[in-house]
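Those letters in the sequence shown? Residues 27 to 338, by the working numbering.
C-beta: ideal position from N, C-alpha, C; glycine also.
Computed from a prediction, not measured in an experiment: that's the story for all the values here.
What follows is one structure encoded as structure tokens, with my remarks underneath.
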Amino acid sequence: MNIKMIVSSSIILCTTFLLWLSISRNVQKRYNSKYAVVTGATGGVGEEIVERMLQKQNVIAVGRNEQLLSALVLKHAQKTNKVIPFVFDFTENLSTFAPKFDAFLSQHKIDKQDIGICFSNAGIGEFKQFESTSYEAKEMFMQVNFSSHLAISDYFCKLFLTRKNSKSALIITSSLITGTCARFFALYHTSKTALSALSASLYSEYSSKNIDILAVHPSSIAHTRFMKGEGMKVLDDFASQYISHIGNLWISVTPKDIVNKMLSRVGKVNQTYVGAATILNAVQGAIFGRNLNAYLWSKCTILDRLFTNKVK
């Protein structure tokens, strides 16, 4: 076999693989599911997940804001499949999630065996100097951005193991920032990197037990309230243009882009990336490693001059 044939065969195989990856799955059929669970259901990505899942099954929408959940229920009230709201604040004691969710299922007469897919999507942002917040604030941020996913993973991996002869799926929303040790994003980078590591570990443990695990890494997301959260508020003109409104930049992706990738990649791979910027970021992270990445970001002192008096 000559070089030309090897190259041609490789291109054909890669193209076929990429086309296969891009085909959306019928998750209701694959997971024999009547209910999907979505945390962070009232945010941009969460709302898009709810919209798509309602095409085939009912959705248990988890969120902390009862008014937003009620609006979500009302928005989809005329559809065949329904949104059932479950109010839970991930700043609460996470050990109460399991008994409260069990009581909720019992109240609504929902059989656990009918839940086949969970989207662990809750999270908040933070763009602050590490020393500017208290330890208690840091602990609470990590609880929402990492420990909440740990609680969800604990509950649903155990539940999914009990589903007889049925596949199940746990999809976790991570971020582009796993490959970037950026200044002022210390906790966000840490929590999202931990989520990706958790996903990879769960995949190695449960992929042979009919549980599909997927971590999704989007770039900055357009058309969401994420950048308007308390942790992302910065008043400097530069920050206002390039950080607070980063969702308007060319590197940003839409909630629809993210959900498309979730539904086409689940059950095929463990980690996936949404947007060219995220793919490039992952590649540079793999090439340069944490030492060089951290060193390069440590030299970006222009950020200190721009934000030192603004980011508190």
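Just measuring C-alpha positions, the residue of S230, Y61, A226 sitting nearest T298 is A226.
Remark: three or more beta-carbon pairs, one from each stretch, lie closer than 8 Å, so the stretch 306-322 and the stretch 204-216 are flagged as touching. Scanning S200, R316, L228 for the CA closest to the CA of K287 turns up S200.
Sixteen is the threshold: since fewer than 16 other Cβ atoms of the shown chains lie within 10 Å of the Cβ of I29, the residue is exposed. Residue environment for G315: exposed (fewer than 16 other C-beta atoms within 10 angstroms of its C-beta). Cβ contact annotation for L187 (same chain, cutoff 7 Å, sequence separation greater than five): K235, in chain order.
Less than 7 Å divides the Cβ of E152 from the Cβ of L213. For S233 against I49, the beta-carbon gap comes to about 20 Å, at or over 8 Å, which does not count as contact. Taking 7 Å as the cut-off, the Cβ atoms of N147 and T65 count as close. For the pair R189 and V63, the Cα-to-Cα distance works out to about 16 Å. Restricting attention to beta strand (DSSP E) runs no shorter than 3 residues, the stretch 89-142 encloses them at 109-113, ordered along the chain. One Cα belongs to K218, the other to A303, and the distance between them is close to 16 Å. No Cβ-Cβ contact shorter than 7 Å links T122 with M166.
Shown here, F153 sits in coil according to DSSP, grouped into three states, outside any helix or strand. One thing to note: A87 has its Cβ no nearer than 7 Å to the Cβ of V71. Contact between G89 and V113 holds: CB atoms are separated by about 7 Å, below the 8 Å threshold. In the three-state scheme derived from DSSP, where H, G and I count as helix and E and B as strand, S278 is classed as coil.
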